[in-house]
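Enquirer: Count the sequence shown with the working numbering and you get residues 2 to 113, in order.
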Amino acid sequence: MSDLPNCPSCNSSYTYEDGSTLVCPECGHEWIAGEVVEQDDGLVVKDANGAQLSDGDTVTVIKDLKVKGSSLVVKVGTKVKNIRLVEGDHNIDCKIDGIGAMQLKSEFVKKA
């Protein structure tokens with residue numbers, strides 16, 4: 002029996018070698034033997050340009066956004082500092098000066 006490591010994604014013991022990579026037949030995950038595997042939290046949020054966002058980033062609004070339930074509008078070019086990523090349709094929690102706490106969709110912002 003070979004001493005191949007378990008799959009880092011699903012912990013399956015049925016891994017096999019394919020050239021220089023290791024493959025898991027159960028989940029399809031591929032990795033290089035000895036490579037440090039980064040554990041991600043599963044929440045990947047990208048802005049309108051495809052740049053990955055993270056907690057604490059500063060973003061810029063790329064479209065006028067009406068604030069639901071009021072007559073206020075978040076204007077194009079508004080900088081939003083110290084964002085927090087959350088699960089859901091509106092995946093950015095933030096505070097906007099003059100408006101207050103609100104949630105934004107990542108498709109309407111770009112990383113500053």
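Ideal Cβ positions, reconstructed from N, Cα and C, are used throughout, including at glycine.
If contact is defined by three or more beta carbon pairs under 8 Å, each pair taking one atom from either stretch, is the stretch 23-36 in contact with the stretch 44-52?
Expert: no
Enquirer: Do residue 113 and residue 61 have their C-beta atoms within less than 8 Å of each other?
Expert: Taking the sequence shown and counting its residues from 1, one reaches residue 113 at position 112. Taking the sequence shown and counting its residues from 1, one reaches residue 61 at position 60. Yes. Within cutoff.
Enquirer: Which residue or residues does DSSP assign as beta-bridge partners of residue 66?
Expert: Your numbering for residue 66 matches position 65 in the sequence shown. Residue 66 pairs with 75.
Enquirer: Helix, strand or coil for residue 27, going by three-state DSSP, please let me know.
Expert: The residue you call residue 27 lines up with position 26 of the sequence shown. Residue state, collapsed to three classes: coil.
Enquirer: I need the straight-line Cα distance from residue 85 to residue 55, nearest angstrom please.
Expert: Here residue 85 refers to the residue found at position 84 when the sequence shown is read from its first residue. Here residue 55 refers to the residue found at position 54 when the sequence shown is read from its first residue. Roughly 7 Å separates the two Cα atoms.
Enquirer: Closest to residue 82 by CA distance: which of 52, 93, 67, 73 is it?
Expert: Sequence index remark: in the sequence shown, residue 82 carries index 81 (1-based). Considering only alpha carbons, the answer is 93.
Enquirer: With burial defined as no fewer than 16 other Cβ atoms inside 10 Å of the residue's Cβ, what is the status of residue 107: buried or exposed?
Expert: For the purposes of this step, residue 107 is taken as the residue at position 106 of the sequence shown. The C-beta of residue 107 has 16 or more other C-beta atoms within 10 Å across all chains shown, which makes the residue buried.
Enquirer: Could you tell me whether the Cβ atoms of residue 77 and residue 100 are closer together than 8 Å?
Expert: Against the sequence shown, residue 77 aligns to sequence position 76. Against the sequence shown, residue 100 aligns to sequence position 99. Going by C-beta atoms, residue 77 is not nearer than 8 Å to residue 100.
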